[in-house]
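Using the numbering used here, the final residue of the sequence shown is 250, and nothing's skipped along the way.
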Amino acid sequence: MKKRVIPFALSLLAAIASPAIAAEVQVAVAANFTAPVQAIAAEFEKDTGNKVVTSFGATGQFYAQIKNGAPFEVFLAADDSTPAKLEAEKAVVPGSRFTYATGKLALWSAKEGYVDDKGEVLKKNEYAHLSIANPKTAPYGLAATQVLAKLGLTQTVASKLVEGQNISQAYQFVASGNAELGFVALSQIYKDGKISGGSAWVVPDNMHEPIKQDAVILDKGKDNPVARQFVDYLKGPKAAAVIKAYGYAL
1 MKKRVIPFAL SLLAAIASPA IAAEVQVAVA ANFTAPVQAI AAEFEKDTGN KVVTSFGATG
61 QFYAQIKNGA PFEVFLAADD STPAKLEAEK AVVPGSRFTY ATGKLALWSA KEGYVDDKGE
121 VLKKNEYAHL SIANPKTAPY GLAATQVLAK LGLTQTVASK LVEGQNISQA YQFVASGNAE
181 LGFVALSQIY KDGKISGGSA WVVPDNMHEP IKQDAVILDK GKDNPVARQF VDYLKGPKAA
241 AVIKAYGYAL
């Protein structure tokens, strides 16, 4: 009798001592939100034991991938219109769409003192290249074109534009020196209440359409409890603190 009880007791103890297998959620994230979501995902994993697997890119490109069957379960877009479109197409969990952040646009140069705090450097036209994200697929790129139009500079700068596929590439053009300045997401150059390097003009909100960034649980995530868990975490105080630290409004 003892020979049967002892192995069972040992196996029971082993089962109790073994950590639970972590679950995960596949999340498509607009490129501007790269740094914040990495920080939020690290806290989420620490608090829940579950993992966030992220992919970064342009919102429009993600829309095409989602429609073509990409395995994403949650989508953090750089606008509100793309998630709304997916919702209308019944490609998301009903009622899951919400605005997780409102983005801010900045004109930035890696050079100290190059960009003034009113963006007058744009009108001086003394630069060779101006970087923006593709306005057809990246909402921050679209916002940049709206600012240029409002300033009456669309035609003036047309030959100087360097387009990145997404806002991360637009940032890299400036960071590498391939463009003297460019329109980027404030979150890429902002941390703990200040510009983290170079010089920048934070574009007033009234110069472009609001950059409301919505999140949705996609249809592929409807049966994954970690998808809902992560979205709820994104609405919580820890995530809010991170989002604010990167210059977004809630």
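Quick reminder that beta carbons are idealized off the backbone N, C-alpha and C, glycines included.
Who pairs with residue i in a beta bridge, going by DSSP?
{"i": "residue 107", "result": "183 and 201"}
{"i": "residue 54", "result": "27"}
{"i": "residue 76", "result": "29 and 215"}
{"i": "residue 92", "result": "218"}
{"i": "residue 130", "result": "161 and 181"}
{"i": "residue 249", "result": "102"}
Tell me the DSSP secondary structure of residue i in three-state form.
{"i": "residue 60", "result": "helix"}
{"i": "residue 19", "result": "Caution is warranted here: a pLDDT of 46 is assigned to residue 19, below 50, making its placement in the model unreliable, and the coordinate value is therefore given only provisionally. Coil at residue 19, not helix or strand."}
{"i": "residue 159", "result": "helix"}
{"i": "residue 214", "result": "strand"}
{"i": "residue 244", "result": "helix"}
{"i": "residue 191", "result": "strand"}
{"i": "residue 8", "result": "For residue 8, the predicted model reports a pLDDT of 41, less than 50, meaning its position is unreliable; a value from the coordinates is still stated below. Residue 8 falls in the helix class under three-state DSSP."}
{"i": "residue 141", "result": "helix"}
{"i": "residue 100", "result": "strand"}
{"i": "residue 70", "result": "coil"}
{"i": "residue 166", "result": "coil"}
{"i": "residue 86", "result": "helix"}
{"i": "residue 14", "result": "The pLDDT assigned to residue 14 is 40, lower than 50, so where the model puts this residue is not dependable; a value taken from the coordinates is nonetheless given after this. It is helical."}
{"i": "residue 206", "result": "helix"}
{"i": "residue 115", "result": "coil"}
{"i": "residue 135", "result": "coil"}
{"i": "residue 148", "result": "helix"}
When you compare each of the options to residue i by their alpha carbons, which one comes out closest?
{"i": "residue 223", "options": "125, 214, 32 and 92", "result": "92"}
{"i": "residue 44", "options": "244, 247, 250 and 239", "result": "239"}
{"i": "residue 59", "options": "94, 135 and 39", "result": "135"}
{"i": "residue 228", "options": "46, 74, 69 and 38", "result": "74"}
{"i": "residue 72", "options": "141, 84, 53 and 114", "result": "53"}
{"i": "residue 137", "options": "149, 163 and 115", "result": "163"}
{"i": "residue 111", "options": "181, 101 and 146", "result": "181"}
{"i": "residue 25", "options": "235, 87, 248 and 220", "result": "220"}
{"i": "residue 85", "options": "214, 241, 235 and 236", "result": "214"}
{"i": "residue 200", "options": "159, 188 and 209", "result": "188"}
Could you round the C-beta distance between residue i and residue j to whole angstroms and report it? I think they count as a contact, below 8 angstroms.
{"i": "residue 107", "j": "residue 119", "result": "5 angstroms"}
{"i": "residue 122", "j": "residue 203", "result": "10 angstroms between Cβ atoms; not a contact."}
{"i": "residue 183", "j": "residue 132", "result": "5 angstroms"}
With a threshold of 9 angstroms between beta-carbons, can residue i be considered close to chain B, or not?
{"i": "residue 217", "result": "Chain labels in this structure do not include chain B; a single protein chain is all it has."}
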